[in-house]
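Trainee: One structure, pasted below without further comment.
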Amino acid sequence: MKFGICNEIFEGWTMEDTMAYAAKTGYDCLEIAPFTISNYVTDISAAERQRVKDLATKIGIEISGIHWVLVKAEGMHMTHTDAS
(Lines of atoms letter the chains of each structure in order from A; the text may use other names.)
(Lines give C-alpha, C1' and ligand atoms only; values in the text may rest on other atoms or scores of the structure.)
Protein backbone atom coordinates (compact mmCIF):
# COMPACT_ATOMS: atom_id res chain seq x y z
CA MET A 1 0.00 0.00 0.00
CA LYS A 2 1.17 3.52 -0.76
CA PHE A 3 0.39 6.73 1.06
CA GLY A 4 -0.93 9.49 -1.20
CA ILE A 5 -2.54 12.90 -1.19
CA CYS A 6 -4.48 14.94 -3.75
CA ASN A 7 -2.98 18.10 -5.19
CA GLU A 8 -6.27 20.00 -4.91
CA ILE A 9 -5.64 20.73 -1.22
CA PHE A 10 -2.58 22.75 -2.21
CA GLU A 11 -4.66 25.44 -3.94
CA GLY A 12 -2.45 28.28 -5.15
CA TRP A 13 0.74 26.18 -5.03
CA THR A 14 2.72 25.31 -8.14
CA MET A 15 2.73 21.67 -9.18
CA GLU A 16 6.46 21.54 -8.42
CA ASP A 17 6.04 22.93 -4.90
CA THR A 18 3.12 20.57 -4.27
CA MET A 19 5.07 17.51 -5.39
CA ALA A 20 8.19 18.52 -3.48
CA TYR A 21 6.25 19.11 -0.26
CA ALA A 22 4.33 15.85 -0.58
CA ALA A 23 7.54 13.89 -1.18
CA LYS A 24 9.36 15.69 1.65
CA THR A 25 6.59 14.94 4.14
CA GLY A 26 6.50 11.22 3.37
CA TYR A 27 3.84 10.76 0.72
CA ASP A 28 4.56 8.10 -1.91
CA CYS A 29 2.23 9.46 -4.55
CA LEU A 30 0.11 12.37 -5.64
CA GLU A 31 -3.40 12.20 -7.04
CA ILE A 32 -3.98 14.86 -9.69
CA ALA A 33 -7.27 16.78 -9.83
CA PRO A 34 -7.30 17.85 -13.50
CA PHE A 35 -9.34 20.99 -12.75
CA THR A 36 -6.27 22.35 -10.94
CA ILE A 37 -4.63 22.50 -14.37
CA SER A 38 -7.59 23.20 -16.69
CA ASN A 39 -11.40 23.21 -16.47
CA TYR A 40 -11.59 20.43 -19.05
CA VAL A 41 -9.28 17.42 -18.86
CA THR A 42 -9.32 17.29 -22.66
CA ASP A 43 -7.71 20.75 -22.77
CA ILE A 44 -4.56 19.55 -20.99
CA SER A 45 -1.99 19.18 -23.75
CA ALA A 46 0.29 16.21 -24.23
CA ALA A 47 3.22 18.54 -23.51
CA GLU A 48 1.72 19.60 -20.17
CA ARG A 49 0.97 15.99 -19.21
CA GLN A 50 4.57 15.07 -20.04
CA ARG A 51 5.85 18.04 -18.00
CA VAL A 52 3.88 16.86 -14.96
CA LYS A 53 5.11 13.29 -15.42
CA ASP A 54 8.74 14.41 -15.80
CA LEU A 55 8.44 16.66 -12.76
CA ALA A 56 7.15 13.76 -10.65
CA THR A 57 10.04 11.59 -11.80
CA LYS A 58 12.56 14.33 -11.01
CA ILE A 59 11.12 14.91 -7.54
CA GLY A 60 10.71 11.20 -6.80
CA ILE A 61 6.97 10.96 -6.27
CA GLU A 62 4.53 8.75 -8.15
CA ILE A 63 1.25 9.88 -9.70
CA SER A 64 -1.46 7.61 -8.34
CA GLY A 65 -4.22 8.70 -10.70
CA ILE A 66 -6.68 11.46 -11.44
CA HIS A 67 -10.03 12.35 -9.95
CA TRP A 68 -12.92 14.78 -10.21
CA VAL A 69 -12.53 14.88 -14.00
CA LEU A 70 -15.95 16.54 -14.39
CA VAL A 71 -15.88 18.94 -11.43
CA LYS A 72 -15.54 22.12 -13.53
CA ALA A 73 -16.54 20.76 -16.93
CA GLU A 74 -19.90 22.51 -17.29
CA GLY A 75 -22.53 20.54 -19.17
CA MET A 76 -20.73 17.20 -18.82
CA HIS A 77 -22.17 14.45 -16.64
CA MET A 78 -21.24 10.89 -15.69
CA THR A 79 -24.84 9.85 -16.24
CA HIS A 80 -27.69 11.63 -17.95
CA THR A 81 -31.13 10.67 -19.21
CA ASP A 82 -30.62 12.56 -22.48
CA ALA A 83 -28.89 10.22 -24.97
CA SER A 84 -27.30 13.13 -26.84
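Under the working numbering, the first residue of the sequence shown is numbered 1, with each subsequent residue one higher. From the three backbone atoms N, C-alpha and C, an ideal C-beta is built for every residue, glycine too. What you are looking at is a predicted structure, and each value in this text was computed from that prediction instead of being measured.
What is the C-beta distance between Glu8 and Thr36, in whole angstroms, given that I count them as a contact (C-beta under 8 Å)?
Mentor: Indeed they touch by this definition, with Cβ atoms about 6 Å apart.
Trainee: So, for Ile59: in the same chain, excluding its five sequence neighbours on each side, which residues have a beta-carbon less than 6 Å away from its beta-carbon?
Mentor: Met19, Ala20, Ala23
Trainee: Of all Cβ atoms in chain C, is any one closer than 8 Å to the Cβ of Ile32?
Mentor: Here there is only one protein chain, and chain C is not present.
Trainee: For Glu48 and Asp82, what's the separation of their Cα atoms in angstroms?
Mentor: Just so you know, the alpha carbons of Glu48 and Asp82 end up roughly 33 Å apart.
Trainee: May I have a chain-ordered list of the beta strand (DSSP E) segments no shorter than 3 residues that lie completely inside the region 10 to 70?
Mentor: As far as the region 10 to 70 is concerned, its whole beta strand (DSSP E) runs of at least 3 residues are 29 to 32, 62 to 66.
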